[in-house]
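Numbering (the UniProt record's numbering), first residue to last: 1 to 466.
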């Protein structure tokens, strides 16, 4: 459906802030996940706001004329969150990338939504501070995008999700109303928690234009390494046991042998074709005691090798390999395409069973299903590789994918630990939350965005949450 966006030319925006050019529109048709599946939708226009007033003006005009608006960050999402599914305007917030205020004595920073995550770390590094919950894609994704999906990453097991580090927001509602949520105080019991409502709402309730983030002091001691296991069962069980024992670990990542093989093919690395666990410990004192405790637990699960290092280059090489796994899988076989990046999370006691079931399904269906993930918080990333041009092959893969999501839900888990619902996981919203809760979500959506302006076609299976 095409929408008349000519009203944009009447707003107080610079010529370089609005584009109707095909090339610009094409670059905003999909995020990374939708691009892989060739499921993009071209917007009718692209706008680059440079201030909160710009965002408010665009939303006011769009809502008055029934034009959809889809917020766009860096396009690194995996569930089609930024796809302009109903056309209209792609609102690219990457130019709102300033550090607005910085209060190191309070461990706080105010930033625009377009700032890249690692740029926040670089800005505060000289004061010994950093932003702990950055996801693996923190060097290419924006703070606004992370807030939209309530992103999390490899350090979630120790530091929590992005939501745990957002103190306050400035945001614009669909009708152009500017609101502020939260407080700079470390805690508040004042009114509804609108901050947490907006975090994870995928741009369907408001457009975030400023965020107040909490920071943390950089740990004085950092040690990292890997543990190699004979079987994937042993590796998953060792992780669950370590978490139940409350080992103070900052990162604990599972990598199966297939993922290791794919990483070697893609990066030219020399990981053993064996299941392994990548580890990192953070502390200001006593780090060796935590490492020794973890080693003891892993030895109870027949660990073959337990290798730790404090060398920064060695650790960075290890984590770079982990960060590149999604790209390694996507490029492994030119005839195979990943469908729906698996992102399920379960209670830690169910994690070994979930991993076991993933491999059972792979064996029984003869599909390539590499598995890795932020195991310490029960998160499993899995990818089903299919020939996208073979409908039977695709349906075969879809069934395997669905079975794993349904198993995670049966275990008391979630269909998405960090990527969001977007377009790809809408079918699982009601099975996970129930009809009553989903209806409540739709009521919130209609109350804040009655015309369905903001990011229609996302989260809810029905159009515009009706």
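Cβ atoms here follow ideal geometry from the backbone N, Cα and C, with glycine treated the same way.
- Fully contained in the region 156-181 are the following alpha helix (DSSP H) runs of length 4 or more, in chain order: 156-159.
- Linking residue 12 to residue 264 through their CA atoms gives a straight-line distance of about 52 Å.
- In terms of Cα proximity to residue 461, the closest of 426, 453, 443 is 426.
- Counting of Cβ neighbours within 10 angstroms places residue 158 among the buried residues, the total reaching 16 or more.
- For residue 436, the enclosing alpha helix (DSSP H) has its first and last residue at 435-448.
- In terms of CA proximity to residue 25, 91 leads the group 55, 98, 91, 368.
- Per DSSP, the beta bridge partners of residue 70 are 90.
- Assignment of residue 455 by DSSP, reduced to helix, strand and coil, places it in the coil class.
- If you compare the alpha carbons of 301, 330, 178 with that of residue 235, the shortest gap goes to 301.
- Between residue 261 and residue 43, the alpha-carbon positions lie close to 39 Å from each other.
- Rounded to the nearest whole angstrom, the CA to CA distance from residue 314 to residue 326 is 21 Å.
- Annotation: the continuous beta strand (DSSP E) that includes residue 371 extends over 371-373.
- In this structure, DSSP gives residue 27 a state outside helix and strand, which the three-state scheme calls coil.
- Under a 10 Å Cβ-count criterion, residue 1 is classified as exposed, with fewer than 16 other Cβ atoms of the shown protein chains found around its own Cβ.
- Nearest to residue 405 by alpha-carbon distance, out of 346, 64, 52, is 346.
- Excluding its 5 nearest sequence neighbours in each direction, residue 431 has C-beta neighbours in its own chain below 7 Å: 409, listed in chain order.
- Under the 8 Å Cβ criterion, the region 140-151 does not count as touching the region 177-194, having fewer than three qualifying pairs.
- Per DSSP, the beta-bridge partners of residue 278 are 226, 253.
- Taking 8 Å as the cut-off, the beta carbon of residue 197 is found no closer than this to the beta carbon of residue 183.
- In the DSSP annotation of this structure, the continuous segment of the alpha helix (DSSP H) that includes residue 396 starts and ends at 391-410.
- By alpha-carbon distance to residue 422, the top candidate from 71, 67, 52, 51 is 71.
- In the DSSP assignment, the residues bridged to residue 338 are 385.
- Two segments are said to touch when three or more pairs of C-beta atoms, one from each, lie closer than 8 Å; by this definition the region 93-110 touches the region 47-61.
- When the Cα atoms are used, residue 350 and residue 343 turn out to be separated by approximately 15 Å.
- Segment contact: the region 279-295 against the region 207-221, three or more CB-CB distances shorter than 8 Å; contact assigned.
- Here residue 19 is bridged, per DSSP, to 46.
- If you look at residue 365, you'll find it in the alpha helix (DSSP H) that goes 351-365.
- With fewer than 16 neighbouring CB atoms inside 10 Å of its own CB, residue 289 falls in the exposed class.
- Listed in chain order, the non-local C-beta contacts of residue 277 below 8 Å within the same chain comprise 226, 227, 229, 235, 238, 239, 252, 253, 254, 255, 298, 375, local neighbours out to five positions each way being set aside.
- Going by beta carbons, residue 330 and residue 108 fall outside the 8 Å limit.
- Cβ atoms of residue 99 and residue 147 stay farther apart than 8 Å, at about 16 Å.
- According to the DSSP assignment, residue 327 belongs to no beta strand (DSSP E) but to the alpha helix (DSSP H) extending over 325-330.
- With a cut-off of 8 Å on Cβ pairs, the region 437-455 is not in contact with the region 366-381, counting fewer than three such pairs.
- Cβ-Cβ separation between residue 121 and residue 130: approximately 5 Å, consistent with a contact (criterion under 8 Å).
- Nearest to residue 273 by alpha-carbon distance, out of 215, 259, 413, is 259.
- DSSP places residue 83 in the coil class of the three-state scheme, outside both helix and strand.
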